[in-house]
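Since the structure comes first, as structure tokens, the remarks are kept for the end.
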Amino acid sequence: MSLPFPIPVIETDRLVLRGPRESDLPAMIAFGQSDRTRFIGGRQDSFGTWRIFLAGIGHWALRGYGMWSVDTRGGAFVGRVGVINHIGWPEPELGWHLYEGHEGKGYAYEAALAVRDHMQGKLGMGPLITMIDAENLRSLSLARRLGATLERVLEEGGRLIHIYRHPGEEDGGMEAYA
């Protein structure tokens, strides 16, 4: 599948962040049918995941940014990381989904940092937010590790959502948060 618009490739020491491919669907469907989705809207059947896949491509076309597919340098598809701004959201959000068997290796941190740097440095986007369910302890920990600070808490659908604000370029590099 070739898209009629460019999605930049971002490379880190261990990862390649690229645009979506139809070959990503089996892993996305497995993720969508797992309990790992409980903090991001819940399980999806294969058709629901297909709609999410297509919406992601549409987000790139409409906004010029979106979710990257994350591969290891060895070619394993490990998840998705990027920036999305759905209607009704307060502003663009940096988010991440890591697939089964790929947590605890620093991939989400490495990819989120690369995306944040790209969005702020190349696209001039201001400090991003991340919206995290209060019970999603791993994501809360990752946001703090990325140097984000809790800005506010809101209730949505009976759940508490923590809004974290990431540091901007003017706040210095990650060494300031180590």
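Numbering-wise, UniProt numbering puts 55 at position 55 of the sequence shown, and it's gapless, one number per residue. Backbone N, C-alpha and C fix where the C-beta goes; we use that ideal spot for every residue, glycine too.
Scan the UniProt domain "N-acetyltransferase" (14-149) and note each continuous beta strand (DSSP E) run of 3 residues or more that stays entirely inside, going in chain order. 15-18, 67-72, 77-84, 93-98 and 129-133
Sequence-distant residues of the same chain with beta carbon closer than 6 Å to H97, five excluded per side: G79 and R80
Neighbourhood of M131 by C-beta distance below 6 Å, restricted to the same chain and skipping five residues each side: E93, I161 and I163
Counterpart residues of V153 in DSSP-defined beta bridges: H162
On a CA-only basis, which of E135, E22, P167 and A61 is nearest P6? Give me that one, please. A61
Spatial neighbours of Q120 within its chain, please: CB distance less than 7 Å, with the 5 preceding and 5 following residues excluded, ordered by chain position. G168 and E169
Taking contact to mean 3 or more Cβ pairs, one atom from each stretch, closer than 8 Å, check whether the region 6-24 and the region 67-86 are in contact. yes
Straight-line Cα distance separating D133 from residue 191: Nothing can be reported for residue 191, as the shown portion of the chain is limited to 1 through 178.
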